[in-house]
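Okay, so the sequence shown: first residue is 1 according to the numbering used here, each after it adds one. Note that the Cβ used here is the ideal one computed from N, Cα and C, for glycine as well. Below is one structure, written out as structure tokens; the observations come after it.
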Amino acid sequence: MNLVELIISAIYGVVEGITEWLPISSTGHMLLLNEFLPLPVSADFWDMFLVVIQLGAILAVVVLFFYQLNPFSPSKGKAGRRRTWRMWGQIIVACLPAAIIGVPFNDWMTDHLSSPFVIAAALIVYGVLFIIIENARESKVKRILEGGGARPQHMAAPEVEDTNNLSELADSEAAVQRVQDMPWKTAFGIGCFQVLSLVPGTSRSGSTIIGGLLLNCSRSVAAEFTFYLAVPVMIGASGLKLFRFFSKGNVSTSEEAAILGVGCIVAFLVSLIAIRFLMNFVKKHDFKPFGWYRIILGIVVIAYFALTA
1 MNLVELIISA IYGVVEGITE WLPISSTGHM LLLNEFLPLP VSADFWDMFL
51 VVIQLGAILA VVVLFFYQLN PFSPSKGKAG RRRTWRMWGQ IIVACLPAAI
101 IGVPFNDWMT DHLSSPFVIA AALIVYGVLF IIIENARESK VKRILEGGGA
151 RPQHMAAPEV EDTNNLSELA DSEAAVQRVQ DMPWKTAFGI GCFQVLSLVP
201 GTSRSGSTII GGLLLNCSRS VAAEFTFYLA VPVMIGASGL KLFRFFSKGN
251 VSTSEEAAIL GVGCIVAFLV SLIAIRFLMN FVKKHDFKPF GWYRIILGIV
301 VIAYFALTA
């Protein structure tokens, strides 16, 4: 067993664990990392590894949000269990667009759009969108405050610690402040935005968070529902990739199994940190820093590959 390969796999796990949940595109970062630090594996195994490593990240969601996701929790009353089942219904509804469009077109999109320039363009476009959306939300609050009118009651909510912080005020102005209060049409709408993540570099979490913000969810709700939505989507995608990998007659060697195992374990551990970080971050901050990061990275990618072409 090659120690260097396991170290490289662990690096991929770190990148997956961070970028899967932050709205900066995990697939884009993994494909770019492969340009500089490729894993010495077959093309079929790499294609499978790129998706199945997400199972480690998914396990972190199950661990961190087990109570919220578990409809059989004995500590939940009848109403609490009913709300959990309702949430799972919304998750399934939100998964439908990706299932209908993603299954037949995912491989085509990956084969034809996995170029550095497409990834860079997606990074930049969605980075700009994050900045525009956040600025629009803050401008709306600023107009209310400067207009001299009465501040809406929910804008003075106790969770808003700094009433001069436009970012916090804008988030408190969102209509959906709890996942359990999300309308069915909002859940379906977020699922439609998830389809956009078929384009490499877009970011599954980025597209669904943008959808949540545009559909008047708070940042924490948009992020939390994104985490929940990832569970069935990634399990389904991983299962499909594994089926296609072995249906081609491929046999995973012990070295490849170790590479995948290390990547998943590291992705799980890093995801525990990344998810906690994002949920704490969005309580007081907006998504603009991630937007600027995407723009800068996209420009760097274009410049690098243009100069080395």
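(Q) Please classify S9 as buried or exposed, where buried requires at least 16 other C-beta atoms within 10 Å of its C-beta. (A) A residue is called buried when at least 16 other Cβ atoms come within 10 angstroms of its Cβ; S9 meets this threshold and is buried.
**Q.** Cβ shell of K288 (< 6 angstroms), same chain only, five flanking positions each side left out
**A.** Around K288: I131, E134.
Q) Could you give the distance in angstroms between the alpha-carbon of V51 and the alpha-carbon of L166? A) When only Cα atoms are considered, V51 and L166 end up about 38 angstroms apart.
Q. Could you check where the alpha helix (DSSP H) with Q54 kicks off and where it finishes?
A. Per DSSP, Q54 is one residue of the alpha helix (DSSP H) stretching across 54-64.
Q.
I need the straight-line Cα distance from A60 to L272, nearest angstrom please.
A. When rounded, the separation of the alpha-carbon atoms in A60 and L272 is 5 angstroms.
Q: Pick out the complete alpha helix (DSSP H) segments inside the region 50-128, 4 residues or longer, and give them in chain order.
A: Fully enclosed alpha helix (DSSP H) runs of 4 or longer: 54-64, 66-69, 78-113.
Q. What's the C-alpha gap between V160 and G263?
A. Here the model assigns V160 a pLDDT of 46, short of 50, so the residue's position is not dependable, and the following value carries that caveat. For the pair V160 and G263, the Cα-to-Cα distance works out to about 39 angstroms.
Q) So K283 packs on S220, CB below 8 angstroms; how close in whole Å? A) Indeed, because the Cβ distance is near 6 angstroms, the residues count as touching under 8 angstroms.
Q | Of the listed residues L269, E256, L96, G89, nearest to N2 (C-alpha basis) | A | Of the listed residues, the one whose Cα sits closest to N2 is E256.
Q. Do three or more CB pairs link the region 201-214 to the region 225-242 at distances below 8 angstroms?
A. Pairwise C-beta distances place the region 201-214 in contact with the region 225-242, as three or more of them are shorter than 8 angstroms.
**Q.** Reduced DSSP category for V41 - H, G, I as helix; E, B as strand; rest coil
**A.** Residue state, collapsed to three classes: coil.
(Q) Going by DSSP in three states, V199 sits in which element: helix, strand or coil? (A) In the structure shown, V199 sits in coil (DSSP, three-state: anything other than H, G, I, E or B).
Q | Close Cβ partners of D181 (< 8 angstroms) along its chain, the five nearest in sequence each way excluded | A | For D181, where only same-chain residues beyond five positions count, there are no Cβ hits under 8 angstroms.
(Q) Quick check on the DSSP output: the alpha helix (DSSP H) that includes G284 runs from which residue to which? (A) Strictly speaking, residue 284 in this sequence is Lys, with Gly absent from that position. K284 -> no alpha helix (DSSP H), and no H or E assigned at all.
Q. My guess is that H235 and I58 are in contact by the Cβ rule of under 8 angstroms, so how many angstroms apart are they, rounded?
A. Just to set this straight, residue 235 is Ile in the shown sequence, not His. Going by Cβ atoms, the distance from I235 to I58 rounds to 7 angstroms, so yes, they are a contact pair.
**Q.** Top-ranked residue by Cα proximity to F281, from G127, A223, F72
**A.** For the residues G127, A223, F72, the minimum Cα distance to F281 belongs to A223.
Q | Check whether G28 and P200 have beta carbons under 7 angstroms apart | A | Cβ atoms of G28 and P200: closer than 7 angstroms.
**Q.** Cβ-Cβ separation, G191 to A122 (assumed contact under 8 angstroms), whole Å
**A.** Incorrect: roughly 19 angstroms between the Cβ atoms, too far for contact.
Q: Would you list the one or two residues that DSSP bridges to V176?
A: In the DSSP output, where bridge partners are listed per residue, V176 has C217.
Q) From what residue to what residue does the alpha helix (DSSP H) around G249 run? A) Unbroken run through G249: none, as it is neither H nor E.
Q.
Using a 10 Å radius around the Cβ and a threshold of 16 neighbouring Cβ atoms, would you call F290 buried or exposed?
A. Here F290 is buried, its C-beta having at least 16 other C-beta atoms within 10 Å.
**Q.** Integer-rounded CB distance, given that L64 should sit under 8 angstroms from I275
**A.** Confirmed, about 6 angstroms.
Q) Are K241 and M30 touching if we call contact CB-CB under 7 angstroms? A) Using a Cβ distance threshold of 7 angstroms, K241 and M30 do not count as a contacting pair.
Q.
Let me make sure I understand the geometry here. Which of L169, V125, F117 has the alpha-carbon closest to that of K142?
A. Distance from the Cα of K142 is smallest, within the candidate group L169, V125, F117, for L169.
Q.
Whole angstroms are fine: how far does the CA of D286 sit from the CA of S247?
A. So the two alpha carbons sit approximately 44 angstroms from each other.
Q.
If I measure Cβ to Cβ from V125 and keep anything under 6 angstroms in the same chain, skipping five residues before and after, which residues do I get?
A. Taking C-beta separations shorter than 6 angstroms and ignoring five residues to either side along the sequence, V125 has no partners in its chain.
Q.
Going by C-alpha to C-alpha distance, which of R244, D111, I119 sits closest to A303?
A. Of the candidates R244, D111, I119, I119 places its Cα closest to the Cα of A303.
Q. Do you know how far the Cα of L39 is from the Cα of G149?
A. Because G149 sits at a pLDDT of 49, beneath the cut-off of 50, its placement in the model cannot be relied upon, and the following sentence gives the value as read from the coordinates. Between G149 and L39, the alpha-carbon positions lie close to 60 angstroms from each other.
Q.
Measuring only the C-alpha atoms, how far is V179 from L196?
A. A direct Cα-Cα distance of roughly 22 angstroms separates V179 from L196.
Q | Backbone CA spacing between I7 and V128 [nearest angstrom] | A | When rounded, the distance between both Cα atoms is 35 angstroms.
Q) Straight-line CA distance for D111 to A43? A) Straight-line Cα distance between these residues: approximately 12 angstroms.
Q.
Applying the 10 Å Cβ sphere with the 16-neighbour rule, what's the burial state of S115?
A. Per the 10 Å Cβ criterion, exposed.
**Q.** Helix, strand or coil at S25 according to DSSP, with G and I counted as helix
**A.** It is coil, neither helix nor strand.
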